[in-house]
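Q: Here it is, the structure in full.
Residue numbers (the working numbering): 84 to 510.
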């Protein structure tokens, strides 16, 4: 009986809420609504937002079909493996290869000493959160067009597909998240969408803390052109995006116990013990990330491959002067460590020998100021794909690169900050 009464009340409240919603449409005062009103409003708003994002995504993917205007012979033999490792919340300031005091990147340090990677020293992300950053990193939209919409520009995965590459998106992040997840916005354009989360059929609630989702679990899912069935191959090679969990919040959940090398005793300063613990956990996540990224490089070392590792944004660890009690990212501030990120380029031995001029060009560019909204121009320029949006001055590997370009970083709430070059000699 009570259940029936409760159900009738809910239906009545739902009906009244729908009626009010139809009268209010998008103008309403949340303070004057009931719980049922807010429930209905949330459902309708989520549905409408989802439909808007789906339409934006489809428009973005479709626009790539008419984007390519030609091809330039780069001298690279094909087919080739081209890989973008998209890290998560990893800041340059906590990596030993960027000058951090703790030895958090032993494997990258070794690769660097052997001359196998190029470590770019002055790189910032377009924003301070994943979605806002990737909307610029993975489309031809740049922050210079901030009065336009990101979805009015073609996405990198679709352009690579139309440019003659088989495409894959391999993720260790959630396989749910609706139309606003990175996987659904950008990964859905790939020929293959796979990864640890998909194999285990896990959802967003699970990936944040489950040990099954350590990033090395994604290694068996990595693809090379040679593994693609002939009938599914495109002639130029394979372009893959590998999306990691990296150093996402919940730092202690990002690495197995064998990588818990640093503790509070290793963290200098007079911070409270709890804060030192969090910083040490973050350092351990960076140490583990070093292992995973090096393993991905290794997987492509025996084939003709170019791999670029970059993080979506950085992180603040109680070192933002405006918000000294905060660890994380997003919000309305843009401190250095939230946007200064790693950018590392690896060429397999066979490719370095085949294209020594390209490798030297990459090495020479290591101290150039970069913002990662340039990634589509970098990849298409590297591979000789000409598009309506191609701008050689936005390809850091090109002799025509413009190091004086203003790097305007835009926070999720619209706050802006210009990041000048760190090195005068680069300008």
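Built from N, CA and C at the ideal position, the CB exists for glycine as well.
1) Does DSSP put residue 164 in a helix, a strand or coil?
2) When you compare the CB positions of residue 248 and residue 320, do they come within less than 8 Å of one another, or not?
3) Let's test the definition: count the other Cβ atoms within 10 Å of the Cβ of residue 333 and tell me whether it reaches 16, buried, or not, exposed.
4) Would you report the Cα separation of residue 404 and residue 416, rounded to the nearest angstrom?
5) Helix, strand or coil for residue 410? Go by DSSP, reduced to three states.
6) Are three or more beta carbon pairs between the segment 213-231 and the segment 425-444 nearer than 8 Å?
7) Count the other C-beta atoms from every protein chain shown that fall within 10 angstroms of the C-beta of residue 175, then say buried if there are 16 or more, exposed otherwise.
8) Excluding sequence positions up to five away, which residues of its chain have a Cβ less than 6 Å from the Cβ of residue 497?
9) For residue 141, count neighbouring C-beta atoms within 10 Å of its own C-beta (all shown protein chains included) and say buried if the count is 16 or more, exposed if not.
10) Count the C-beta pairs between the segment 343-357 and the segment 387-399 that are closer than 8 Å, then say yes if the count reaches three, no if not.
11) Would you kindly work out how many angstroms separate the C-alpha atoms of residue 181 and residue 360, rounded to a whole number?
12) Along the chain, where does the alpha helix (DSSP H) that runs through residue 277 open and close?
13) Under 8 Å, with one C-beta from each stretch per pair, do the segment 206-214 and the segment 438-455 reach the 3-pair mark?
14) May I have the straight-line CA-CA distance separating residue 424 from residue 443, to the nearest angstrom?
15) Taking all protein chains shown into account, decide if residue 346 is buried (16 or more other Cβ within 10 angstroms of its Cβ) or exposed.
16) Tell me which same chain residues have a C-beta within less than 6 Å of the C-beta of residue 252, skipping the five on either side of it?
17) I need the DSSP call for residue 254, collapsed to helix, strand or coil.
18) What's the C-alpha gap between residue 318 and residue 178?
19) Sorted by chain position, which residues of the same chain lie with C-beta nearer than 7 Å to residue 413's C-beta, five sequence neighbours on each side aside?
20) Use the C-beta contact count for residue 309: other C-beta atoms within 10 angstroms, 16 or more gives buried, fewer gives exposed.
21) Would you grab the beta carbon distance between residue 255 and residue 214 for me? Rounded to a whole angstrom, and I think it's under 8 Å.
22) Below 8 Å on the Cβ atoms is my guess for residue 326 versus residue 169; work out the distance and round it to an integer in Å.
23) Using 10 angstroms around the beta-carbon of residue 160, count the other beta-carbons present and answer buried if the total reaches 16, otherwise exposed.
24) Looking at residue 265 and residue 217, is the spacing between their C-beta atoms short of 8 Å?
25) For the alpha helix (DSSP H) holding residue 462, just list the boundary residues, first then last.
26) Measuring only the C-alpha atoms, how far is residue 462 from residue 440?
27) Any idea if residue 506 is buried or exposed, counting beta-carbon neighbours within 10 angstroms, 16 or more meaning buried?
A: Taking the coordinates as given:
1) By one-based count along the chain shown, residue 164 stands at place 81. Correct three-state label for residue 164: strand.
2) Here residue 248 refers to the residue found at position 165 when the chain shown is read from its first residue. Here residue 320 refers to the residue found at position 237 when the chain shown is read from its first residue. Yes.
3) Taking the chain shown and counting its residues from 1, one reaches residue 333 at position 250. When all chains shown are included, residue 333 counts as exposed.
4) Counting from one through the chain shown, the residue named residue 404 turns up at place 321. Counting from one through the chain shown, the residue named residue 416 turns up at place 333. Using only the alpha carbons, I get a separation of about 10 Å.
5) In the chain shown, residue 410 corresponds to position 327, counting from 1. Residue 410: strand per DSSP, three-state reduction.
6) no
7) Indexing the chain shown from 1 puts residue 175 at position 92. Burial call: buried.
8) Start at 1 with the first residue of the chain shown, and residue 497 comes out as number 414. So the list is empty, once near-sequence residues are dropped.
9) On the chain shown, residue 141 is found 58 positions in, with the first residue counted as 1. With fewer than 16 Cβ atoms within 10 Å of its Cβ, residue 141 is classed as exposed.
10) With the rule of 3 Cβ pairs closer than 8 Å, the segment 343-357 does not count as touching the segment 387-399.
11) Looking up residue 181 in the chain shown gives position 98. Looking up residue 360 in the chain shown gives position 277. CA-to-CA, the gap between residue 181 and residue 360 works out to about 22 Å.
12) Residue numbering aside, residue 277 sits at position 194 when the chain shown is read from its first letter. Taken as a continuous stretch (DSSP letters only), residue 277 belongs to no alpha helix (DSSP H), being part of the beta strand (DSSP E) at 275-278.
13) yes
14) Taking the chain shown and counting its residues from 1, the one referred to as residue 424 is at position 341. Taking the chain shown and counting its residues from 1, the one referred to as residue 443 is at position 360. Answer to the nearest angstrom: the Cα atoms are 23 Å apart.
15) By 1-based counting over the chain shown, the position of residue 346 is 263. Classification for residue 346: exposed.
16) Translated into the one-based positions of the chain shown, residue 252 becomes position 169. Hits under 6 Å: 270, 273, 276 and 324.
17) As a working note, residue 254 is residue 171 in the chain shown. DSSP places residue 254 in strand when its eight states are reduced to three.
18) The residue you call residue 318 lines up with position 235 of the chain shown. The residue you call residue 178 lines up with position 95 of the chain shown. Answer to the nearest angstrom: the Cα atoms are 38 Å apart.
19) To locate residue 413, count along the chain shown from 1; it is residue 330. For residue 413, where only same-chain residues beyond five positions count, the Cβ hits under 7 Å are 211, 212 and 495.
20) Locating residue 309 in the chain shown gives position 226, counting from the first residue. Residue 309 should be labelled exposed.
21) Counting from 1 along the chain shown, the entry for residue 255 is found at position 172. Counting from 1 along the chain shown, the entry for residue 214 is found at position 131. Not a contact, Cβ separation roughly 17 Å.
22) Here residue 326 is taken as the residue at index 243 of the chain shown, counted from 1. Here residue 169 is taken as the residue at index 86 of the chain shown, counted from 1. Going by Cβ atoms, the distance from residue 326 to residue 169 rounds to 5 Å, so yes, they are a contact pair.
23) Along the chain shown, one-based indexing puts residue 160 at 77. Result: exposed.
24) Position 134 of the chain shown, counted from the start, is the residue given in the question as residue 217. Position 182 of the chain shown, counted from the start, is the residue given in the question as residue 265. Yes, Cβ-Cβ distance for residue 217 and residue 265 is below 8 Å.
25) Locating residue 462 in the chain shown gives position 379, where the first residue counts as 1. For residue 462, the enclosing alpha helix (DSSP H) stretches over residues 458-465.
26) Position 379 of the chain shown, counting from 1, holds the residue named residue 462. Position 357 of the chain shown, counting from 1, holds the residue named residue 440. Each residue's alpha carbon lies about 17 Å from the other.
27) The residue given as residue 506 occupies position 423 in the chain shown. The residue is exposed, with fewer than 16 neighbouring Cβ atoms inside 10 Å.
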